[in-house]
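I have placed the structure first, in the form of structure tokens, so that the comments after it can refer back to it.
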Amino acid sequence: MPQSSLQAAAVLLLVLLKEQPSSPAPANGSKWTYFGPDGENSWSKKYPSCGGLLQSPIDLHSDILQYDASLTPLKFQGYNLSANEQFLLTNNGHSVKLNLPSDMHIQGLQSRYSATQLHLHWGNPNDPHGSEHTVSGQHFAAELHIVHYNSDLYPDASTASNKSEGLAVLAVLIEMGPFNPSYDKIFSHLQHVKYKGQEAFIPGFNIEELLPERTAEYYRYRGSLTTPPCNPTVLWTVFRNPVQISQEQLLALETALYCTHMDDPSPREMINNFRQVQKFDERLVYTSFSQVQAYTAAGLSLGIILSLALAGVLGICIVVAVSIWLFRRKSIKKGDNKGVIYKPAIKEETEAHA
């Protein structure tokens, strides 16, 4: 074949190859979903860790909880992001993710853990119970994860993700309540990342506003990523107290996004993007709060708790005192009755009728 013909054939082949639609590389190198043939029941076939030890999420129930006085309040440094800076919001096909700067970090752990991203998990409009962690078997409406990596030991989150003590995640349980303006700083941009692969820049805000009240109260355990590859390298901090968002905000989260690309002929809504709770055999979850603090979290101050306890003791004392008084009074009456002589009234009645 002449040289010119070979060159023409090569050019034609390159053009044809270029025109072929390219498939984006799925997350973590392979395709996975929350349901269907690639759902979580099959994750362990491609990602062995998903069927291994220390898996998350879990159910937080009294049988596995143990108070640990050494769990001190965490400090959140650099969380107040400047509104003059822009941060990348992405639909990655599994959730909506906001990239975070590494100078945002947690203090109070054994190493410095720097932020890398946050994302959410939720259910669907017909069953709005999409939290990953549960408490005594009960789901919350949704759950926020703020992911950090051990920046003392590793250069970035990707390197740290499969290393010992590599990651630390803050988990915020979300329930329905009043409108939450802080969460709306994310939700108001969801329409710009409707389909997989879409990105948008949003202005910074104080990420600490996304955390609940009384952040000193939390559950702590060692677990895993809740998505493939499920690496068991996560130090979990699950805050005890939930935050609230409105029903309208939750509905927007449940209906705004798709797992598929914009041009996909079979679009799939992004719903129920939470993993089922995992077995938690022979492990403990440590709590930073004692029983008294648990009552306080329910809205009772320590002063009120002590007042109620004192009132209960006083109530018992009053009951005992009244019982003793009644008993003595009854005894006195019996004693008085011993000196009374009762005369029969038969004779008097006979005389009256004579």
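Per mature numbering (1 follows the signal peptide of the UniProt record, and there is no 0): the sequence shown = residues -24 to -1, 1 to 330.
For every residue, glycine included, the Cβ atom is placed at its ideal position computed from N, Cα and C.
Beta-carbon spacing of Glu185, Leu64 below 7 Å: No; because the gap between Cβ atoms is not below 7 Å, this pair is not in contact.
Residue of Asp257, Phe163, Gly173 minimising C-alpha distance to Asp28: For clarity, residue 28 is Gly in the given sequence; the question names Asp instead. Here the closest residue by C-alpha is Asp257.
CA-to-CA distance, Ala136 to Ser78, given in whole angstroms: Rounded to whole angstroms, the separation of the alpha carbons of Ala136 and Ser78 is 13 Å.
6 Å CB neighbourhood of Asn56 in its chain, flanking five on each side removed: In the same chain as Asn56, and ignoring 5 residues on each side of it, the C-beta atoms closer than 6 Å to its own belong to Asn182, in chain order.
Under the three-state DSSP convention, the category Gly27 falls into: DSSP, read as helix, strand or coil, puts Gly27 in helix.
According to DSSP, residues forming a beta bridge with Met152: Listed as beta-bridge partners of Met152 by DSSP are Ile221.
Three-way DSSP call (helix, strand, coil) for Glu193 in this model: Glu193 falls in the coil class under three-state DSSP.
Beta-carbon spacing of Asn138, Asn68 below 7 Å: Cβ atoms of Asn138 and Asn68: not closer than 7 Å.
Start and end residues, alpha helix (DSSP H) containing Ala136: Going by DSSP, Ala136 is part of the alpha helix (DSSP H) stretching over 133 to 136.
Beta strand (DSSP E) segments (min. 3 residues) lying fully within the segment 53 to 109: As far as the segment 53 to 109 is concerned, its whole beta strand (DSSP E) runs of at least 3 residues are 62 to 67, 72 to 75, 81 to 83, 89 to 98.
Reduced DSSP secondary structure (H/G/I, E/B, other) of His121: Reduced to three states, the DSSP call for His121 is strand.
Extent of the continuous alpha helix (DSSP H) to which Phe163 belongs: Its alpha helix (DSSP H) spans residues 160 to 163.
Start-end ranges of the beta strand (DSSP E) lying completely within the segment 233 to 269, minimum 3 residues: If we require 3 residues or more, the beta strand (DSSP E) runs fully inside the segment 233 to 269 come out as 261 to 263.
Rounded separation between Ser200 and His168 - CA only: Answer to the nearest angstrom: the Cα atoms are 31 Å apart.
Arg216, buried or exposed, once every other Cβ within 10 Å from all chains shown has been counted against 16: Per the 10 Å Cβ criterion, buried.
Candidates Ser32, Gly12, Phe11, Ser107: closest to Pro205 by CA position: The shortest C-alpha separation from Pro205 is found at Ser32.
Where the alpha helix (DSSP H) containing Trp19 begins and where it ends: 19 to 22 is the span of the alpha helix (DSSP H), which, as asked, contains Trp19.
Outcome for Ile150 when other beta-carbon atoms lying within 10 angstroms are tallied against a minimum of 16: Ile150 is classed as buried because its beta carbon has at least 16 other beta carbons within 10 Å across all chains shown.
Continuous beta strand (DSSP E) stretch holding Ala176: start and end: 175 to 179 is the span of the beta strand (DSSP E), which, as asked, contains Ala176.
Per-residue DSSP class, three states only, for Asp35: Residue state, collapsed to three classes: strand.
Distance between beta carbons of Asn248 and Gly12, contact taken as under 8 Å: Between Gly12 and Asn248 a beta carbon distance of about 11 Å is seen, past the 8 Å cut, so the two are scored as non-contacting.
Span of the beta strand (DSSP E), counted from its first residue to its last, around Tyr43: It spans 41 to 43 - the beta strand (DSSP E) in which Tyr43 sits, taken as one unbroken run.
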